[in-house]
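Enquirer: The structure's right below; bear with me while I get my questions together.
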Amino acid sequence: MGILARFLPKALRRRILNALSDGEDTFSRVFNTSADWIVITRLSDSTIAKANSGFETISGYRREEVLGRRMLDFNVWAHPEQRVALVAEMMRAGSVRNHLVTLRRRDGALRDCVVNCALIALDGPEHSHAVWIARDVTEHNIVHEQFKAAFQLTPDFMSISRVTDGRYVEVNAAFERITGIARAEALGKTSTELRIWAEPEKRPSLITLLETEGAVNDFPMALNAKGQVREALLNAVVFESRGERYIIALLRDVTDERKAARALQESESRFVRLFDQSPLPMCYSSDENQYQTTQWNLAWFDAFGFDPVEDQGKSGLTLNVWVDPEERTRLLRMTAEGTAFTDVEVQMRRRNGELRWISLSTRLFDEMNRTMVLFTYFDITERKHAQEGILELNAQLEARVARRTAELQGANAELSQALSTLQIAQDQLVQSEKLAALGSLVAGVAHELNTPIGNGLTVASTLEHRIESFQGLVHSGLRKSDLQTLLTDMQLASEILVRNLGRAAALVASFKQVAVDQTSSQRRKFDLGAVVAEILVTLNPALRKTACNVHTHIEEGLTMDSYPGPLGQVLTNLINNAVLHGFEPGEEGMVEVQAWAPDGKQVVIEVRDSGRGIVPENLHRVFDPFFTTRLGQGGSGLGLHIVHNLVHSVLGGRIEVHSRLGAGASFSITLPMTAPERVEGATAMPISDG
383 MGILARFLPK ALRRRILNAL SDGEDTFSRV FNTSADWIVI TRLSDSTIAK ANSGFETISG
443 YRREEVLGRR MLDFNVWAHP EQRVALVAEM MRAGSVRNHL VTLRRRDGAL RDCVVNCALI
503 ALDGPEHSHA VWIARDVTEH NIVHEQFKAA FQLTPDFMSI SRVTDGRYVE VNAAFERITG
563 IARAEALGKT STELRIWAEP EKRPSLITLL ETEGAVNDFP MALNAKGQVR EALLNAVVFE
623 SRGERYIIAL LRDVTDERKA ARALQESESR FVRLFDQSPL PMCYSSDENQ YQTTQWNLAW
683 FDAFGFDPVE DQGKSGLTLN VWVDPEERTR LLRMTAEGTA FTDVEVQMRR RNGELRWISL
743 STRLFDEMNR TMVLFTYFDI TERKHAQEGI LELNAQLEAR VARRTAELQG ANAELSQALS
803 TLQIAQDQLV QSEKLAALGS LVAGVAHELN TPIGNGLTVA STLEHRIESF QGLVHSGLRK
863 SDLQTLLTDM QLASEILVRN LGRAAALVAS FKQVAVDQTS SQRRKFDLGA VVAEILVTLN
923 PALRKTACNV HTHIEEGLTM DSYPGPLGQV LTNLINNAVL HGFEPGEEGM VEVQAWAPDG
983 KQVVIEVRDS GRGIVPENLH RVFDPFFTTR LGQGGSGLGL HIVHNLVHSV LGGRIEVHSR
1043 LGAGASFSIT LPMTAPERVE GATAMPISDG
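Residue numbers (my numbering): 383 to 1072.
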């Protein structure tokens, strides 16, 4: 029993020793009533000699079932190698203390047990039996594992240290992460040795509190963490285990929280300052009291005339600033639901009752414990009045525009009438030009025909007189010489008559062709040189009255399929324009008319004079209607305008003008050899002197 007693737990050992003093029966009662598994087995074959009720509770087997049978027959060892190791150690040392093993119950459940075993002598030689004492620690281990897991997994610094010397017996992973000190290095050392406290002079105060109170909550301390000093709150409690007092401490790093709190406090302080000093009227309400109170800034009080001491905190409804209180309810509700407003125009009331137009904007701010709605106010009363004035002005302007439009429409009608009158006048001028050209043509024809017809008339009169003389000779006596003289005179007269009448006939034919071309504008094939020659014949009477000579250089064989009448009008106007505008009256000069075909498809006709030229500022206006430098001196300003229209619209070509002051002017006309089809309704333009 002495050997058995040495390996029993203290409490059980005390009970057994006390029981031994009362005799063997008392020991048996203690043995049988112990909650621990107690079994005595024979070493030679592991036969169970004795088993207590604790064995029945832990293993699930009844003593009657196991006594006299081998322990190995019941498969109670979940890991048989554990039994082998225990037996070997017991045979070597005589006993084994506090060895954790896993045993299997009868129902198959596994239990964690702390085993003590020793060799004893029972009814025979020494060390013939072994006593096995097992305590079920499964629940204790589960709690321990849970605590261990929680201890290691908590994100805050945790440590367990002895009260007596302050040395660490356990630290968690957060301790290692925060301090940078490995667990193996920390165990067995004090916080002072590890320089955990940045202000070690505060630690005695903590120990004093723990001694008097038993626990400390949110004790502020400065913690050395990887070379940095961090702010922390320490929570600690003293507990006792197996007669030893320990401190379990939990440190929470609040550096970032306090920095954020200080930043938030500074931000709130700045917000308050900005809010109060903002030049724009502002206010805010929160849902803490269902928006029943309102904080106003100084600019709002200045704008609305209320007393910042007396009226601060009162809502807009209480101060009666809302002309339409339902508008406030709607804006608050919708903003709180997440719909912010910008520049909502509402009418509000100042303290003195004056109504003002306000542009209102709202914003929503979510804080930790409340939701705030911020209002900003912008007085737009003057702008509203200006808008109303603008609207009124716009109405007046619209009426004025309507009147002006009516006036303009009347003016347009008058201008249209004037334009029609002008067009009629232009047509009359064109007709005047036509009549003037016709008169010039008739005068030229009469002048050209006058000489041959006059010569013929003179010869005919002379011949008539000679015949009358011959008749007288016949009555008085006719001589042969008289007959011969008469025949000679008649032959000469006949030659003169034939020659002059032939010349007159040729002139009439030429005039007829020119007249037909210029009056009918018929399209036909013609030789350009012949047409130019015919045109010059009609111009000779007028040109002989000037000191200007006209020279032509027309390439031979230039046959065109075009409109000779309009072409003649163009050349006539250009030659007349050169004579009229290029030279002073009586001044000698030269006009050249040249024509050539550069590519066989187009004809270039150039009319150049040696006159005084055109001033540069007039070059771009020479083709404008009614533009002339000799207004009232025989120029109408239509000649070159007619030329431009004929070249472009009838002949299908283009015309350009070049001039240098003092070196004459040159008009270059480029025409297709085959003219395009005439535009419907196009008519020939009359000859004009420009």
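Positions of the beta carbon are idealized from the N, C-alpha and C atoms, including for glycine. A quick note: this is a predicted structure, and the numbers were derived from the prediction, not measured.
Ends of the beta strand (DSSP E) at Glu988?
Expert: Start and end: Gln984 to Asp991.
Enquirer: Please confirm whether Val726 and Leu742 have their CB atoms less than 8 Å apart.
Expert: Taking 8 Å as the Cβ cut-off, Val726 and Leu742 qualify as a contacting pair.
Enquirer: Is it the case that the Cβ atoms of Leu756 and Tyr666 are separated by a distance below 8 Å?
Expert: Yes; because the gap between Cβ atoms is below 8 Å, this pair is in contact.
Enquirer: Thinking Gly1073 and Gly995 are a contact (beta carbons under 8 Å), I'd like their distance in whole angstroms, please.
Expert: Residue 1073 is absent from the model: the chain starts at 383 and stops at 1072.
Enquirer: With a CB to CB cut of under 6 Å and the five nearest residues on each side skipped, what residues in its chain are close to Ala417?
Expert: So the list reads Gly436, once near-sequence residues are dropped.
Enquirer: By the DSSP assignment, the alpha helix (DSSP H) with Met473 in it spans what residues?
Expert: Looking at the DSSP string, the run of the alpha helix (DSSP H) that includes Met473 is Pro462 to Ala475.
Enquirer: With a CB to CB cut of under 6 Å and the five nearest residues on each side skipped, what residues in its chain are close to Gly548?
Expert: Here the set comprises Thr572.
Enquirer: Is any beta-carbon of chain D found at less than 8 Å from that of Ala768?
Expert: Chain labels in this structure do not include chain D; a single protein chain is all it has.
Enquirer: If you count every other CB in all the chains shown that lies within 10 Å of the CB of Gly450, and 16 or more means buried, which is it?
Expert: Burial call: exposed.
Enquirer: What does DSSP give as the partner residues of Met716 in its beta bridges?
Expert: According to DSSP, Met716 bridges with nothing at all.
Enquirer: Could you check if Leu1022 is buried or exposed, using at least 16 other CB atoms within 10 Å of its CB as the buried criterion?
Expert: By the 10 Å Cβ count, Leu1022 comes out buried.
Enquirer: In chain order, what residues of the same chain lie with their CB nearer than 7 Å to the CB of Glu558, ignoring the 5 residues before and after it?
Expert: Hits under 7 Å: Ala564 and Arg565.
Enquirer: Looking at the strands, I want to know which residues DSSP matches up with His935.
Expert: DSSP lists Gln976 as partners of His935.
Enquirer: Quick one: which unbroken beta strand (DSSP E) runs of 3-plus residues sit fully inside the stretch 750–787? Chain order, please.
Expert: DSSP runs (the beta strand (DSSP E)) wholly in the stretch 750–787: 753–761.
Enquirer: Sorted by chain position, which residues of the same chain lie with C-beta nearer than 8 Å to Thr676's C-beta, five sequence neighbours on each side aside?
Expert: Taken in chain order, the residues that qualify are Cys665, Tyr666, Ser667, Gly695, Lys696, Ser697 and Gly698.
Enquirer: Please list the terminal residues of the continuous beta strand (DSSP E) segment that includes Trp678.
Expert: Note, Trp678: beta strand (DSSP E), Thr675 to Trp678.
Enquirer: Would you be able to state if there are at least three C-beta pairs under 8 Å between the stretch 1028–1043 and the stretch 950–961?
Expert: These segments touch.
Enquirer: May I ask you to report which of helix, strand or coil DSSP gives Val703?
Expert: Three-state DSSP puts Val703 in coil, outside helix and strand.
Enquirer: Could you have a look at Thr1052 and say whether DSSP puts it in helix, strand or coil?
Expert: Strand.
Enquirer: For Ile542, which beta-bridge partners are listed by DSSP?
Expert: In the DSSP output, where bridge partners are listed per residue, Ile542 has Glu552 and Ile630.
Enquirer: Please determine, among Lys907, Ala556, Leu662 and Arg738, the residue with the shortest C-alpha to C-alpha distance to Leu633.
Expert: Selected option, being the one with the closest Cα: Ala556.
Enquirer: Report the residue ranges of all alpha helix (DSSP H) runs contained in full by the stretch 913–967; include only those spanning at least 4 residues, in chain order.
Expert: Whole alpha helix (DSSP H) segments, 4+ residues: 946–964.
Enquirer: Classify His963: buried if its beta carbon has 16 or more other beta carbons within 10 angstroms, exposed otherwise.
Expert: So His963 ends up on the buried side.
Enquirer: Roughly how many angstroms separate the alpha carbons of Ala645 and Trp704, rounded to a whole number?
Expert: Distance between the alpha carbons of Ala645 and Trp704 is about 37 Å.
Enquirer: Pop quiz: Leu1033 and Val989 are said to be a contact at Cβ under 8 Å. What is the actual Cβ separation, rounded to whole angstroms?
Expert: Not a contact, Cβ separation roughly 14 Å.
Enquirer: Are there 16 or more other CB atoms within 10 angstroms of the CB of His1002, so buried, or fewer, so exposed?
Expert: His1002 is exposed by the Cβ-count criterion.
Enquirer: I'd like the span of the alpha helix (DSSP H) that includes Arg565, first residue to last.
Expert: Note, Arg565: alpha helix (DSSP H), Arg565 to Ala568.
Enquirer: If you drop the 5 nearest sequence neighbours on each side, which residues of the same chain put their C-beta closer than 7 Å to that of Gly1035?
Expert: The residues are Val1029, Ile1051, Thr1052, Leu1053 and Pro1054.
Enquirer: Does Pro537 pass the burial test, meaning 16 or more other C-beta atoms within 10 Å, or should it be called exposed?
Expert: The residue is exposed, with fewer than 16 neighbouring Cβ atoms inside 10 Å.
Enquirer: Give me whichever residues DSSP pairs with Arg738 in a beta bridge.
Expert: Bridge partners of Arg738: Met730.
Enquirer: Just curious, the alpha helix (DSSP H) that Asp693 is in, first and last residue?
Expert: First-last of the alpha helix (DSSP H) with Asp693: Pro690 to Asp693.
Enquirer: Leaving aside the five residues before and after Arg848 along the sequence, list all residues of the same chain whose C-beta is less than 7 Å from its C-beta, in chain order.
Expert: These residues qualify, in order along the chain: Leu868 and Asp871.
Enquirer: I'd like to know whether the C-beta atoms of Thr487 and Gly442 end up nearer to each other than 8 Å.
Expert: Residue 487 is actually Arg in this sequence, not Thr. The answer is yes: Cβ separation under 8 Å.
Enquirer: Give the single residue among Asn751, Ala568, Ser876 and Leu576 whose Cα lies nearest to the Cα of Asn671.
Expert: Out of Asn751, Ala568, Ser876 and Leu576, Asn751 has the C-alpha closest to the C-alpha of Asn671.
Enquirer: Distance check for Val545 and Gly720, CA to CA, integer angstroms please.
Expert: Taking the straight line from one Cα to the other gives about 57 Å.
Enquirer: DSSP on Thr423, reduced to helix/strand/coil?
Expert: Strand, per DSSP.
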